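Structure first, then comments.
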């Protein structure tokens, strides 16, 4: 076999990446060591920015029933989302298994093969690709590709084989998690602090199912999930709460410590890391899954452009340059939130101060930017418009010449770059003709009643604003060249206006 890209890991991150690659025209194959989806749902949703990333590909409708809800706390310290200028709620009540099922259906429609029961045993780089050794249902074999991406979790085989280190503080306390049926519990969705710095969480999932989480200082610091039994989970729950769940039925149990890790490199040669393989975090408000989905959307269009010959290999260096700092801050913020969330009574003064600060719009906005993912800004070069480097708000509308309205998020359905040109920036549309095979040009006017917007702006396929202008095309050619490769000069390079 030969693929443009081999993705290892068929969790949400690997599936999302594969879809992004295929949308960009790349040939991709996904391998996973499991013979069937695990069915476990350690994350129960994702944050606003991850939801927008799925929404801009039209994927939210595939997820079935879920609810938008306020992710309005940082380490258990609540802040009021009503203080903010835009909706920053996230997706709640959505199992990871359902997310995987929806993404798997998307890949099937795109014609992406997902091969299960294959273990990666090694790889070697060649001048023009990677040869991956696999042990599968029919025995050992090989596959070749231009690039290899490890989306294979915190104990990533790809990362280990590549020799990429992932340092981080060791675990100091353990946690147990179980999904159960047949129990009557009191809801504690954010958690209930107990004496001694302990905490329990009980979240109703509907249909009589509950997610319970136990943070107990007496647990092993780094428990082995492979040896955990539900009886031990039930014993710990009763010891802390006085409630018996011994008669409940466990769908699955899981354990881990509170250690974190961050890969030193997200790229080494032809090998990339994404999701938990790049940043390992204890579960906290689905921050890890949310970041992993954004890794996938950042990397996918870039890899597709390079394998398709539309952009130079140097474009791929921007993946580490953009996402590694996000991962570093994510690890820091997770550790800070965990200290506040799980600390003993000595943390109460700090919780009080944070609670008071969170009552102010500026502080609430800063905390919400962390939780929602909307605070991420990439370096796009010169420019001073507030939107530059941020994600384009997907609800902003353009009124086209025929009077129809289209939202910014809908413009990204095809996973291409988008240049929005209003009446004051016609020159920008003409300058972009040499990139018409890689971007769509949308002409019209911004709908009234929105925040002040530039006369023209360039949106990358991942939804981030890469260039803005007020009435001129200055800097546009440089921005287009940086993100979409060299302009075409043949006669077919005419603007694709819509």
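Residue numbers (our numbering): 1453 to 1950. Each residue gets a CB set at the ideal place from its N, CA and C atoms; glycine is no exception. Values in this document were obtained by computation on a predicted structure and should not be read as measured data.
- The closest CA to that of residue 1717, considering only 1710, 1532 and 1725, is found on 1725.
- Nearest to residue 1504 by alpha-carbon distance, out of 1680, 1847 and 1903, is 1847.
- Per DSSP, reduced to three states, the secondary structure at residue 1750 is helical.
- Apart from the 5 residues on each side of it in sequence, residue 1555 sits with its Cβ closer than 7 angstroms to the Cβ of 1464, 1467, 1468 and 1471 in its chain, given in chain order.
- Assignment of residue 1793 by DSSP, reduced to helix, strand and coil, places it in the helix class.
- When the Cα atoms are used, residue 1529 and residue 1736 turn out to be separated by approximately 13 angstroms.
- Beta-bridge partners assigned by DSSP to residue 1940: none are found.
- When secondary structure is reduced to three states using DSSP, residue 1640 falls in the strand class.
- In chain order, 1526, 1527 and 1736 place their CB closer than 7 angstroms to the CB of residue 1789, counting only its own chain and leaving out the 5 sequence neighbours on each side.
- The alpha-carbon of residue 1854 is positioned some 13 angstroms away from that of residue 1899.
- Around the beta carbon of residue 1475, a 10 Å sphere encloses 16 or more other beta carbons of the protein chains shown; the residue is thus reported as buried.
- Rounded to whole angstroms, the Cβ separation of residue 1596 and residue 1610 is 15 angstroms, and the two are not in contact under 8 angstroms.
- Under DSSP, the beta-bridge partners assigned to residue 1707 are 1628.
- In this chain, residue 1822 is not harboured by any beta strand (DSSP E); it is covered by the alpha helix (DSSP H) spanning 1813-1824.
- Looking only at 1730, 1912 and 1762, the smallest Cα-Cα distance to residue 1605 is reached by 1730.
- Residue environment: residue 1754 is assigned as buried (16 or more neighbouring CB atoms within 10 Å of its CB, all protein chains considered).
- A distance below 6 angstroms between beta-carbons, with the five flanking residues on each side excluded, links residue 1924 to no residue of its chain.
- Burial state of residue 1679 is exposed, judged by a 10 Å Cβ sphere holding fewer than 16 other Cβ atoms.
- DSSP, read as helix, strand or coil, puts residue 1771 in helix.
- Going by DSSP, residue 1468 is part of no beta strand (DSSP E) but of the alpha helix (DSSP H) stretching over 1464-1475.
- Beta bridge pairing from DSSP links residue 1731 with 1714.
- When C-alpha distances from residue 1831 are compared across 1778, 1810 and 1793, the shortest belongs to 1778.
- The shortest CA-to-CA distance from residue 1873 to any of 1888, 1861, 1824 and 1850 is the one to 1850.
- The residue from 1599, 1758 and 1629 with its alpha-carbon nearest to that of residue 1683 is 1629.
- Of the candidates 1764, 1914, 1515 and 1580, the residue whose Cα lies closest to the Cα of residue 1862 is 1914.
- Taking a cut-off of 8 angstroms for Cβ pairs, the region 1748-1763 and the region 1646-1662 do not touch, as fewer than three such pairs fall below it.
- Across the structure, residue 1599 and residue 1890 are spaced so that their CA atoms are roughly 21 angstroms apart.
- Residue nearest to residue 1535 within the set 1743, 1810 and 1621 is 1810 (criterion: CA-CA distance).
- Residue 1637 and residue 1681 have their C-alpha atoms some 20 angstroms from each other.
- Here residue 1897 is bridged, per DSSP, to 1851.
- Assigned with DSSP and collapsed to three states, residue 1594 falls in strand.
- Here residue 1656 carries a strand assignment [DSSP, helix/strand/coil].
- According to DSSP, residue 1483 shares a beta bridge with 1460 and 1567.
- For residue 1551, the enclosing alpha helix (DSSP H) stretches over residues 1548-1562.
- Annotated three-state conformation of residue 1909 is strand, per DSSP.
- Assignment of residue 1884 by DSSP, reduced to helix, strand and coil, places it in the helix class.
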